[in-house]
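K.L.:
Dumping the structure here so I can ask a few things about it.
Protein chains: 2
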Amino acid sequence: MSVQGSHGHSHTKSQQSLRLTKGAKKVLEVLERTDELSSAQDIHGALRNEEESPPGLTTVYRSLESLVQLGLVQAVDFGDGERRYEMVKPGEHHHHLVCEKCRNSVHLDQCLVQQLEESIQAKYKFEVRGHILEIFGLCEECQKAVAPAGKK
Amino acid sequence: MSVQGSHGHSHTKSQQSLRLTKGAKKVLEVLERTDELSSAQDIHGALRNEEESPPGLTTVYRSLESLVQLGLVQAVDFGDGERRYEMVKPGEHHHHLVCEKCRNSVHLDQCLVQQLEESIQAKYKFEVRGHILEIFGLCEECQKAVAPAGKK
DNA sequence: GTGGCGAATGAAAACCGTTTTCATTCTGAA
DNA sequence: TTCAGAATGAAAACGGTTTTCATTCGCCAC
Chain A
531 MSVQGSHGHS
541 HTKSQQSLRL
551 TKGAKKVLEV
561 LERTDELSSA
571 QDIHGALRNE
581 EESPPGLTTV
591 YRSLESLVQL
601 GLVQAVDFGD
611 GERRYEMVKP
621 GEHHHHLVCE
631 KCRNSVHLDQ
641 CLVQQLEESI
651 QAKYKFEVRG
661 HILEIFGLCE
671 ECQKAVAPAG
681 KK
Chain B
531 MSVQGSHGHS
541 HTKSQQSLRL
551 TKGAKKVLEV
561 LERTDELSSA
571 QDIHGALRNE
581 EESPPGLTTV
591 YRSLESLVQL
601 GLVQAVDFGD
611 GERRYEMVKP
621 GEHHHHLVCE
631 KCRNSVHLDQ
641 CLVQQLEESI
651 QAKYKFEVRG
661 HILEIFGLCE
671 ECQKAVAPAG
681 KK
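Chains as they are written, first to last, in the working numbering: chain A, 531 to 682; chain B, 531 to 682.
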C-alpha cells in the first residue's frame, strides 16, 4: 500500500454512518465483503449488478478518495497503472505478498518500513512520512503448480 | 524501484555498444549524466534540445524497455502515474528516499526487502521474485525550511 | 556494389484509468 | 417552505503509455 502520515481519524461506528455519503456507504459495503483488492471499476461493476440505482463511476472515485482520507480504506499501487482499494482497520495499513500467477495476495503482518523508520531517520537525516511497499512472487499453491512440471 | 528477478545480464562495455540500438544509446547517454530520475518525456525533451534528429517518444519508450530488460536501467514507480528511470550498476537495483517538498531523492544503500527475503520466504511460504519500495518524506534541507517557520 | 529482409523508427491513433467540468438533484438548516 | 451547500452523474478532458502501420535503416548473401 501507500502510506501518508497525516490522517484525521476520530471515528466511531456511529460517526461513520453520520459523515458518510450515500455513495461512500455503498462503496464501503462492497469493500467490506471483499477480501481481495478491488479497483474502482471493480467496485463500480459490483454495484451495477446489485443496486437498483448504482452510483456512477465518478462517485465511486470520489467516495474512495474520502474513505481513504478517513483512514477506513487504503489505496494500493502495484505499478500497473491501476489503483486498488481495500478496507483496513481505521488508521492502520499493511502491505502485500502478491502472487504473480494467481494474483491473490496475502497481507504482511507487520510493516517492514515502520520497523526501520528510526534507523533511516537517523542514518539519512530524512523525515519519513510515507512509503509504498509491495512484494511479488509465487504463493505456496502456485509454487507447487510450477515446480513439478519441470522448470521451463 | 521495482525489481523482477529474471535478468539476462551478460554485458561488457563492448557487448553493450554492439547490441544497443541507436535510440537506446542516446537514451542511455542522457541517463548517464542525469543523477535525478527521468521520465520518458524528460528524456525525450532533453534529446530534442541537443540532437539534430532526436528519436521520437515511441523510440524512447522502446529503448527504455530494452535497457530495463538488459538490467542497465531501472524503472521506478512513485504511484503518481508516471514512471521514472535511472541508470544502475548492471543487474543491481536500489530504492529511494523521496523528498515531498523539493522532489529530490536519495538512494538507500541497501535493499530492505532483500535483507528480509529469507524470513518472508520461510514465514509465508512465499517465493519472492520482485518488489517495489519507495519512501517519502522530507530531506534534511527541507526539514530545516519547514520547522523554524512554526508548525502549521 | 546490389538486392532483399528483418530490425528500428516515427507519426498518429488508440488505450485506459483517472480527473474535471458543469448542470442537476438532494439534504438539512433556518 | 426556502435556500445554500453538498452530492451526484454524464460526458469531456487528461496524460502517460502502447499500438498500429507504413517507411527507412542496416547488414548479410550474392
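Here a beta-carbon is modelled for each residue, glycine too, at the ideal position from N, C-alpha and C. Predicted model only: the values in this text are computed from it and were never measured.
Using a Cβ-Cβ cutoff of less than 7 Å, which residues in the same chain neighbour glutamate 630/A once the five nearest sequence positions on both sides are dropped?
P.N.:
In the first sequence, the residue the question calls residue 630/A occupies position 100. These residues qualify, in order along the chain: Phe666, Gly667, Leu668.
K.L.:
So, at 7 Å on beta carbons, what are the nonlocal neighbours of valine 515/A in its own chain, with the 5 sequence-adjacent residues on each side left out?
P.N.:
Past the edges of chain A, shown from 531 to 682, lies residue 515/A, and the structure says nothing about it.
K.L.:
To the nearest angstrom, how far is the alpha carbon of alanine 675/B from that of leucine 646/B?
P.N.:
For the purposes of this step, residue 675/B is taken as the residue at position 145 of the second sequence. For the purposes of this step, residue 646/B is taken as the residue at position 116 of the second sequence. Near 35 Å, if we compare the C-alpha coordinates of leucine 646/B and alanine 675/B.
K.L.:
Against chain B, does cysteine 629/A count as a neighbour if the rule is that its beta carbon must be under 9 Å from one of theirs?
P.N.:
Translated into positions along the first sequence, residue 629/A becomes position 99. With 9 Å as the cut-off, cysteine 629/A counts as an interface residue toward chain B.
K.L.:
Starting from cysteine 672/B, follow the alpha helix (DSSP H) in both directions and report where the run begins and ends.
P.N.:
Within the second sequence, numbered from 1, the residue matching residue 672/B stands at position 142. Unbroken alpha helix (DSSP H) run through cysteine 672/B: 670–676.
K.L.:
Against alanine 669/A, what residues of chain B qualify as contacts under a CB-to-CB distance less than 7 Å, listed in chain order?
P.N.:
Taking the first sequence and counting its residues from 1, the one referred to as residue 669/A is at position 139. This sequence places cysteine at residue 669/A; alanine is not what is there. Residues of chain B passing the Cβ test: Phe656.
K.L.:
Closest Cβ-Cβ distance between valine 643/B and chain A: below 9 Å?
P.N.:
The count along the second sequence starts at 1 and reaches residue 643/B at position 113. For valine 643/B, the answer is yes, since a Cβ of chain A falls inside 9 Å of its Cβ.
K.L.:
Tell me the DSSP secondary structure of glutamine 571/B in three-state form.
P.N.:
Position 41 of the second sequence, counted from the first residue, corresponds to residue 571/B. Reduced to three states, the DSSP call for glutamine 571/B is helix.
K.L.:
Glutamine 673/B touches chain A at which residues, Cβ-Cβ below 7 Å?
P.N.:
On the second sequence, residue 673/B is found 143 positions in, with the first residue counted as 1. Ordered by position in chain A, the residues that pass the 7 Å Cβ test against glutamine 673/B are Glu657.
K.L.:
Do you know how far the Cα of glutamine 534/B is from the Cα of histidine 624/B?
P.N.:
Here the question's residue 624/B lines up with position 94 in the second sequence. Here the question's residue 534/B lines up with position 4 in the second sequence. So the two alpha carbons sit approximately 12 Å from each other.
K.L.:
Who are glycine 667/A's beta bridge partners in DSSP?
P.N.:
Here residue 667/A refers to the residue found at position 137 when the first sequence is read from its first residue. Paired residue(s): Cys629/A, Val658/B.
K.L.:
Considering only the alpha carbon of each residue, which of Val603/A, Phe608/A, Cys672/A, Val636/A lies closest to leucine 561/A?
P.N.:
Position 31 of the first sequence, counted from the first residue, corresponds to residue 561/A. Checked all of Val603/A, Phe608/A, Cys672/A, Val636/A; the closest Cα to leucine 561/A is Val603/A.
K.L.:
Measuring alpha carbon to alpha carbon, tell me which of Val658/B, Lys655/B, Ala570/B, Lys552/B ends up nearest tyrosine 591/B.
P.N.:
To locate residue 591/B, count along the second sequence from 1; it is residue 61. For tyrosine 591/B, the nearest C-alpha among the options comes from Ala570/B.
K.L.:
List the residues of chain B that histidine 690/A touches, going by C-beta distances under 9 Å, in chain order.
P.N.:
In this structure chain A extends from 531 to 682, so residue 690/A is not present and cannot be described.
K.L.:
What are the residues in the segment 599–611 of chain B lying within 8 Å of chain A by C-beta distance?
P.N.:
Asp607, Phe608, Gly609, Gly611
K.L.:
From histidine 626/A to histidine 637/A, what distance separates their C-alpha atoms?
P.N.:
Taking the first residue of the first sequence as 1, we reach residue 626/A at position 96. Taking the first residue of the first sequence as 1, we reach residue 637/A at position 107. Taking the straight line joining both Cα atoms gives about 5 Å.
K.L.:
Quick one: is glutamate 657/B buried, meaning 16 or more other Cβ sit within 10 Å of its Cβ, or exposed?
P.N.:
Taking the first residue of the second sequence as position 1, residue 657/B is located at position 127. Looking at its Cβ environment, which holds 16 or more other Cβ atoms inside 10 Å, glutamate 657/B is buried.
K.L.:
Going by C-alpha distance, which of Gly601/A, Thr589/A, Cys641/A is nearest valine 618/A?
P.N.:
Locating residue 618/A in the first sequence gives position 88, where the first residue counts as 1. Checked all of Gly601/A, Thr589/A, Cys641/A; the closest Cα to valine 618/A is Gly601/A.
K.L.:
Please classify aspartate 565/B as buried or exposed, where buried requires at least 16 neighbouring CB atoms within 10 angstroms.
P.N.:
Position 35 of the second sequence, counting from 1, holds the residue named residue 565/B. By the neighbour-count rule (16 or more Cβ atoms within 10 Å), aspartate 565/B is not buried but exposed.
K.L.:
Can you tell me whether serine 532/A is buried or exposed, with buried defined as 16 or more other CB within 10 angstroms of its CB?
P.N.:
Residue mapping note: residue 532/A aligns to position 2 of the first sequence, counting from 1. That one is buried.
K.L.:
For serine 649/A, which of helix, strand or coil comes out of DSSP?
P.N.:
Start at 1 with the first residue of the first sequence, and residue 649/A comes out as number 119. Correct three-state label for serine 649/A: helix.
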